[in-house]
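*Asks:*
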Amino acid sequence: MPPRILLLGGHGKISLLMTPKILARSWSLVSLVRNEQQRGDILEVAKRAGDIKSKEGNLGVGDLEIGNLEILVRSLEDVRCVDDARGILELVKPDWVVWCAGAGGKGDKSRTYAIDQNACIHFIRASISTPSISKFLLVSALICRRSRAPWWNDDDWKYVEKVNREILPDYYQAKLKADQALVVEGSERKDWIWIDLRPGTLSDEAEKGGWCWGRPGRETGGCGGGGG
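Residue numbers (UniProt numbering): 1 to 228.
Structure (structure tokens):
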């Protein structure tokens, strides 16, 4: 059976790149977004996966299902505990969960902690405790490190320290806590796969069809689709 995937933060740039690739594999995708206005962009990128036909959604009033794509409108700011996250998982019934959400610098720092840290951790814990979920992918950030990677040069580490301490300190702390929850608590469950993906520098350039895996520096964004 093709997997059923819950994509949290479905309107983000990475998610909009992922959506047609997931659909092209004939996998089932539930894209969670925070407002109705974001649907159009998702439907537009979904067209790249081939022809799609509309049919009535089954997730609830105001939600939408098109072929193997469903769009679920919910605010992650309302996910204030594990039970809130579990309620969404019980509604969607995914096999895999992908976290691509974030405050995106909108609002004050409390919103960053509410979404990038707290809501993310709630979904991690809810997924760990749901036996039917076999995979969790967290799209993190290259800067989420407590110490310098051995393969980074001096300029790389100087840049990361500046971002973490001066430019995006709250984002850094929030993402780091979420990463830690996935690594520590996710490792306690043995019958699933968790992935903490820290991409290199992201760009809006056209994808080039390749990736640089393993030990990227911060300037490896040109290696793959929208970023290395």
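Glycine included, C-beta positions come from ideal geometry on N, C-alpha and C.
Taking all protein chains shown into account, do 16 or more other C-beta atoms lie within 10 angstroms of the C-beta of I121, making it buried, or fewer, making it exposed?
*Replies:* Buried.
*Asks:* Taking the straight line between their C-alpha atoms, what separation do you get for R111 and S75?
*Replies:* Their backbone Cα atoms lie some 12 Å apart in a straight line.
*Asks:* To the nearest angstrom, how far is the alpha carbon of L182 from that of W194?
*Replies:* Answer to the nearest angstrom: the Cα atoms are 7 Å apart.
*Asks:* State yes or no: is the C-beta of L7 within less than 8 Å of the C-beta of S15?
*Replies:* Cβ atoms of L7 and S15: closer than 8 Å.
*Asks:* Measuring CB to CB, does S89 end up less than 8 Å from S127?
*Replies:* What sits at residue 89 in the sequence shown is Leu, not Ser. Yes, they are a contact pair.
*Asks:* Is L168 helix, strand or coil when you go by DSSP?
*Replies:* Coil at L168, not helix or strand.
*Asks:* Going straight from the alpha carbon of V160 to that of G67, what length do you get?
*Replies:* When rounded, the distance between both Cα atoms is 42 Å.
*Asks:* Sorry if obvious, but does the Cβ on S132 come closer than 7 Å to a heavy atom of the ligand FAD?
*Replies:* With respect to the ligand FAD, the structure offers nothing, as it holds no ligand at all.
*Asks:* My output table needs one value for S127: the three-state DSSP class, helix, strand or coil.
*Replies:* Residue state, collapsed to three classes: helix.
*Asks:* Using beta-carbon positions only, say whether A46 and L69 come within less than 8 Å of one another.
*Replies:* Closer than 8 Å, so yes.
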